[in-house]
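Residue numbers for the sequence shown follow our numbering, so the first one is 26 and each next one is one higher. Glycine is no exception: its CB is placed at the ideal position from the N, C-alpha and C atoms. Note that the structure is predicted; figures quoted are calculated from it, not measured.
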Amino acid sequence: MTHSATAEHIAGDLALAIHQGLIRSGEQLPTQTKLMDSYKVAMGTASAALRKLAAAGLTRGESGRGTFALEVDRLFDRSPVLDVLAAAAMCRSLAATSFGTSADAPTMPFGGSPDWDDPHADPEKVMPPRRVDVAALAGLDRHLLRWMSEAFLSGARRMVGSGQSDADVHLVASARAILRDGARRPQDQPGIAYYGGATADDENVAFRIWPERKRDAASAPAGWGGHSNEPPF
Numbered sequence: 026m027t028h029s030a031t032a033e034h035i036a037g038d039l040a041l042a043i044h045q046g047l048i049r050s051g052e053q054l055p056t057q058t059k060l061m062d063s064y065k066v067a068m069g070t071a072s073a074a075l076r077k078l079a080a081a082g083l084t085r086g087e088s089g090r091g092t093f094a095l096e097v098d099r100l101f102d103r104s105p106v107l108d109v110l111a112a113a114a115m116c117r118s119l120a121a122t123s124f125g126t127s128a129d130a131p132t133m134p135f136g137g138s139p140d141w142d143d144p145h146a147d148p149e150k151v152m153p154p155r156r157v158d159v160a161a162l163a164g165l166d167r168h169l170l171r172w173m174s175e176a177f178l179s180g181a182r183r184m185v186g187s188g189q190s191d192a193d194v195h196l197v198a199s200a201r202a203i204l205r206d207g208a209r210r211p212q213d214q215p216g217i218a219y220y221g222g223a224t225a226d227d228e229n230v231a232f233r234i235w236p237e238r239k240r241d242a243a244s245a246p247a248g249w250g251g252h253s254n255e256p257p258f
C-alpha cells in the first residue's frame, strides 16, 4: 500500500524544482488542484505545502492568481534553502568529476541568470554565473563529498518542511562558505589546534575556564598532557 505524500515532502520537491530551474524565477507554481492530483493528497495537504514554501521565502501569493516563485538575485540575498541546495549540487558534481590533483580542479559556476548565455537575452538584464575556486573541496574523498551533498540536501528539505532551526544557522553558513570561496580557509583564520600542540591555547576550552592550567602546562615536562583522566576539550 502506497502512503500519501506529506506536506513536508511536497514542499521539499517544489523547493528542489525551484533550485534546479524547473520552476523559473517568477513562474507560477502548480495549483493546489494539480498537486492534489499529482501526489494523491487532500486539499489541506497541498495547501500546507504551498504555505511552507512561502514561509521559507521561496514563493509569493497573488490573490486570485496563484503562487509564484520569488524573483531573487541569483548571487546575493538568496533564500537560505536555495543556497544549501546549491552547495549540495556543487558537492555532488565534484564527487562525480575526476581531477589529476586538487590543484588541477577547475572553477565551478554559481548563480547567474538562467538565460545568461542566451544570445537573444538583453545583456543589461542578465547576470553571468560567478566562478568558484573549488580546489580545496576537490581534494576531499569522493565518498565524503557525496555524504556532504546528501547532508545538505536533507537539511534543505527539512528547513522547507519544518522551518529553519537554530542548528540550521551553521548549515547555511557552511553552504555559503562553499559558494563564496569553495570553503577555503580565510588567511587570517588560525588552523584547528591539536591538543598539546604549539597553539593549543587557541582551542583548549579548559585554558579559558581555568587559566591557571595554562601556567601548569607551560612549566610541565615535554609531552605532559594534563591529568590522564580528563578529556582534552
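Item	Value
8 Å contact criterion, which Gly164 and Ala94 should meet: CB distance rounded	That belief does not hold up - the Cβ atoms of Gly164 and Ala94 are roughly 35 Å apart, past 8 Å.
Segments of 3+ residues assigned as beta strand (DSSP E) that fall wholly inside the segment 52–139	84–87, 91–94, 132–135
Beta strand (DSSP E) segment containing Asp158, residue limits	155–158
Any non-hydrogen atom of the ligand MN closer than 7 Å to Asp158 Cβ	The ligand MN is not among the ligands present in this structure, which contains no ligands whatsoever.
Element boundaries [alpha helix (DSSP H), containing Met184]	167–187
Endpoints, alpha helix (DSSP H) assigned at Ile43	32–45
Nearest-angstrom Cβ-Cβ length linking Val157 and Thr122, presumed shorter than 8 Å	Not a contact, Cβ separation roughly 14 Å.
Cα-Cα separation, Asp38 to Asp193	19 Å
Cα-Cα separation, Ala111 to Gln57	27 Å
Selection from Met184, Glu237, Asp191, Ser29 that minimises the alpha carbon distance to Leu107	Met184
Arg209 (DSSP reduced to helix, strand or coil)	coil
Residue burial classification, Ala200 (beta-carbon count within 10 angstroms, cutoff 16)	buried
Contact between the segment 74–84 and the segment 29–43 (3+ Cβ pairs under 8 Å)	yes
Reduced DSSP secondary structure (H/G/I, E/B, other) of His195	helix
Distance between Ala79 and Ser104 (C-alpha atoms, nearest Å)	11 Å
Neighbourhood of Met68 by C-beta, 7 Å cutoff - its chain only, sequence neighbours within 5 removed	Gln57, Met61
CA-to-CA distance, Arg209 to Arg76, given in whole angstroms	37 Å
Beta-carbon proximity list for Asp142, same chain, < 8 Å, skipping 5 on both sides	Pro153
Inter-residue Cα distance where the pair is Gly186 and Ser72	13 Å
Cβ-based burial, Ala198 [other Cβ within 10 Å; buried from 16]	exposed
6 Å CB neighbourhood of Phe101 in its chain, flanking five on each side removed	Bear in mind that a pLDDT of 49 at Phe101, under 50, signals an unreliable position, so the number given afterwards is only what the model happens to contain. Closer than 6 Å at Cβ, skipping near neighbours: no residue.
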